[in-house]
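Residues in the sequence shown are numbered from 42 upward in steps of one, following my numbering. Every residue gets a Cβ at the ideal spot worked out from N, C-alpha and C, and that includes glycine. Taking it in order: structure first as structure tokens, then the write-up.
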Amino acid sequence: MNILLDTRFAIRLIAGEAVPIWDQVVEHVLAMQSKVWLYAGAVGALQQGVASILEAQGVAHPETAARARIKTFAEDKHWLAALSGEGDVWDTVDPVGEQLLRAVARFDGKCVIITLDESLLSRGGDRVMTPDAYCTLPVRAGVPFINLAVQQDAVRADLERRLHRVLGHGAYINGPEVDLLETMLAQYVGVQHCIGVSSGTDALLVAMMALEIGAGDEVITTPFTFIATGEMIAFLGAKPVFVDIDPKTYNLDPAQIENAITPKTKAIVPVSLYGQCADMDTINAIACKHGLPVIEDAAQSFGALYKDRKSCGLSMVGATSFFPSKPLGAYGDGGAVFTNDDALAKLMREIREHGQDRRYHHPRIGLNGRLDALQAAVLLAKLPIFDQERCDRVRVGNRYKQALRDIEGVTLPYVAPENTSVYAQFTLQVPDRQVFVDALTQAGIPTAVHYPVPLHLQPAFGGLGLKEGTFPVAESAAEHVVSLPMHPYMTDDDQEQIIDAVRAVYS
Ligand SMILES: Cc1ncc(COP(=O)(O)O)c(C=O)c1O
Numbered sequence: 042m043n044i045l046l047d048t049r050f051a052i053r054l055i056a057g058e059a060v061p062i063w064d065q066v067v068e069h070v071l072a073m074q075s076k077v078w079l080y081a082g083a084v085g086a087l088q089q090g091v092a093s094i095l096e097a098q099g100v101a102h103p104e105t106a107a108r109a110r111i112k113t114f115a116e117d118k119h120w121l122a123a124l125s126g127e128g129d130v131w132d133t134v135d136p137v138g139e140q141l142l143r144a145v146a147r148f149d150g151k152c153v154i155i156t157l158d159e160s161l162l163s164r165g166g167d168r169v170m171t172p173d174a175y176c177t178l179p180v181r182a183g184v185p186f187i188n189l190a191v192q193q194d195a196v197r198a199d200l201e202r203r204l205h206r207v208l209g210h211g212a213y214i215n216g217p218e219v220d221l222l223e224t225m226l227a228q229y230v231g232v233q234h235c236i237g238v239s240s241g242t243d244a245l246l247v248a249m250m251a252l253e254i255g256a257g258d259e260v261i262t263t264p265f266t267f268i269a270t271g272e273m274i275a276f277l278g279a280k281p282v283f284v285d286i287d288p289k290t291y292n293l294d295p296a297q298i299e300n301a302i303t304p305k306t307k308a309i310v311p312v313s314l315y316g317q318c319a320d321m322d323t324i325n326a327i328a329c330k331h332g333l334p335v336i337e338d339a340a341q342s343f344g345a346l347y348k349d350r351k352s353c354g355l356s357m358v359g360a361t362s363f364f365p366s367k368p369l370g371a372y373g374d375g376g377a378v379f380t381n382d383d384a385l386a387k388l389m390r391e392i393r394e395h396g397q398d399r400r401y402h403h404p405r406i407g408l409n410g411r412l413d414a415l416q417a418a419v420l421l422a423k424l425p426i427f428d429q430e431r432c433d434r435v436r437v438g439n440r441y442k443q444a445l446r447d448i449e450g451v452t453l454p455y456v457a458p459e460n461t462s463v464y465a466q467f468t469l470q471v472p473d474r475q476v477f478v479d480a481l482t483q484a485g486i487p488t489a490v491h492y493p494v495p496l497h498l499q500p501a502f503g504g505l506g507l508k509e510g511t512f513p514v515a516e517s518a519a520e521h522v523v524s525l526p527m528h529p530y531m532t533d534d535d536q537e538q539i540i541d542a543v544r545a546v547y548s
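And the structure:
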């Protein structure tokens, strides 16, 4: 439970007036892994309030001293933006308290105002508490699977500035944020063109449409992936031709691709699963021999390196996703396609916007597949910290590997020597998955299964007539894989708790 300090309470604290059990509140905030908010709309009141107490205490230069004290106090706190709806508070006798009540309502019950003000306590219901009452709240047990809230803290000021700029200029579709993001992402990946699209699914669709994949065609891909990969092939009327995976990396096994190529084959779509690239050079070489394009489904691998080159720039087209939980995630759906091919880039740009090459002129059929300016603004705010997050994911991954390496029967993620992984997932294989999942759930550790049913056994692909046993490696993986919590902001304590819980299953 986060806390928002009543400005009057904060003034007393900052001015050094004794406030009962404040130290315990701080400890409780830490134990809850929560945060303390100060209301940004109250800086004037804070400055004035602190300065007048300091003046009464006989402190020299009270205004300057107040500024310095507030700055120090705020260093480990978070500033909560004041919104326009929190300005119209003049029908109440307590405008300051009313602002806070409106602000705390934004947290959906995950934040309370801390105050000693009787009138605010009586008006605020369960949104307001004394410091003593806060200290009696139970500490949350367990750890989160991912933690986007901590990441938001790291980018909040830039994020809010960028979002408000979009609200200000109003170019919600094809706004300047989209152009800037495309330029920055193309530079990041090291390719000529990046085209922002509305999701990772649409990234695949736009790429496949540009390559004119359709009815009667076959597209080679992996059965061990999220549905979108095979789904978009089928959506265009083509036939997904599945090829089994490498048992160590879970990516398409290049040694089996050539057998699956027929005169109808139109493309190869490897997936860079769990954050590490497929063996792209080998796949490209096979494709080149047969005159086929390769689309890398890099939804889970943005930022990963393969032979020192970046995922998304390793084949004719790279398609990624900015789904919120992805290594680079927006606050909604988003995606991008990448290519060095000028003609293909032009085509993909047109396809993502109703196939138009200029306003209301449509040489081809396309779709509404654009990335919007608000999502681009979110991604622009996150991009500067992405490389640090990438390193932190590796740090967390390596720590898991080190701590779990000697458990018999448990298979840890294998990262091929030519690869770095962004650990979109940290995925183990365990002998009896249900026992494992139940034990971790009991210990307050969430898990996820990516993916429990390989695509060839999904009812939606029943028409292909593929039976159990067709792709033994993918089927075995689907039966045994389980992902542990993974995000770049994992604390040592949380990770210790997860490691202990895993080890306890096999002790
Ligand atoms: C391998 C893979 N491909 C495609 C997608 C689709 O991306 P989106 O959810 O952005 O449409 C995902 C998303 O989970 C994915 O993991």
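Between ligand 1 and leucine 245, a heavy atom-to-CB distance of less than 8 Å is present. In this structure, the C-beta of leucine 208 stays at least 8 Å away from each heavy atom of ligand 1.
With a cutoff of 8 Å, alanine 269 counts as near ligand 1, since its C-beta is closer than that to a heavy atom of the ligand. Annotation: threonine 380 to glycine 57 spans about 60 Å, alpha carbon to alpha carbon. At the C-beta level, threonine 242 and glutamate 272 come within 9 Å of one another. Looking only at Met225, Ile324, Gln470 and Gln466, the smallest Cα-Cα distance to glycine 450 is reached by Gln470. Contact between the segment 513-520 and the segment 458-465 is absent: fewer than three C-beta pairs spanning the two stretches fall below 8 Å. When DSSP states are grouped into helix, strand and coil, glycine 82 belongs to the helix group. Per the coordinates, the alpha-carbon of valine 284 lies some 26 Å from the alpha-carbon of phenylalanine 364. The residues Cys235, Ile236 and Gly237, in chain order, have a CB closer than 7 Å to that of glutamate 223 in the same chain once the five nearest residues on each side in sequence are set aside.
Within a 10 Å sphere around the beta-carbon of glutamate 391 sit 16 or more other beta-carbons, which makes this residue buried. Spatial neighbours of isoleucine 298 in its own chain (CB-CB distance under 7 Å, excluding positions within 5 residues in sequence) are listed in chain order as Ile261, Val284, Ile309, Ile324 and Ile327.
Classified as exposed, serine 548 has fewer than 16 neighbouring CB atoms from the shown chains inside 10 Å of its CB.
For the set Glu509, Pro529, Gly504 and Pro487, the Cα lying nearest the Cα of glutamine 538 is the one of Pro487. Put simply, the backbone Cα of leucine 124 is about 13 Å away from that of phenylalanine 148. With distances taken between CA atoms, alanine 146 lies nearest to Glu127 out of Arg474, Ser366, Ser356 and Glu127. Looking at the DSSP output, lysine 280 shares a beta bridge with Glu259. For alanine 244, the closest C-alpha among the options Lys289, His528 and Leu412 is that of Leu412. By the neighbour-count criterion, in which a residue is buried when 16 or more other Cβ atoms sit within 10 angstroms of its Cβ, arginine 202 is exposed. With fewer than three CB-CB distances shorter than 8 Å, the segment 207-225 does not count as touching the segment 344-357.
Two segments are said to touch when three or more pairs of C-beta atoms, one from each, lie closer than 8 Å; by this definition the segment 518-535 touches the segment 172-192. Ranked by Cα distance from valine 419, the first of Asp47, Val196 and Asn292 is Val196. Using a C-beta cut-off of 8 Å, the segment 158-170 makes no contact with the segment 501-510, since fewer than three inter-stretch Cβ pairs fall below that distance. Counting only the Cα atoms, serine 75 lies some 17 Å from aspartate 47. Within the model, the alpha-carbon separation for threonine 156 versus leucine 71 is close to 19 Å. With a minimum length of 3 residues, the unbroken runs of beta strand (DSSP E) contained wholly in the segment 366-429 fall at 376-380. Of the candidates Leu293, Arg53, Leu246 and Asp349, Asp349 places its Cα closest to the Cα of valine 230.
In the DSSP annotation of this structure, glutamate 253 is not part of any beta strand (DSSP E), being labelled neither H nor E. DSSP lists Leu525 as the bridge partner or partners of phenylalanine 467. Taking the Cα positions, aspartate 322 is about 34 Å away from glutamine 397.
Distance from the CA atom of valine 77 to the CA atom of glutamate 116, rounded to whole angstroms, is 11 Å. DSSP places glycine 359 inside the beta strand (DSSP E), whose first and last residues are 358-362.
Set against 8 Å, the gap from the CB of alanine 518 to the closest heavy atom of ligand 1 is not smaller. Within 8 Å of the C-beta of lysine 423 there is not a single heavy atom belonging to ligand 1. Between proline 500 and the set Ala422, Ile268 and His402, the nearest pair of CA atoms involves Ile268. About 6 Å separates the Cβ atoms of valine 66 and cysteine 176, confirming a contact at the 8 Å cut-off.
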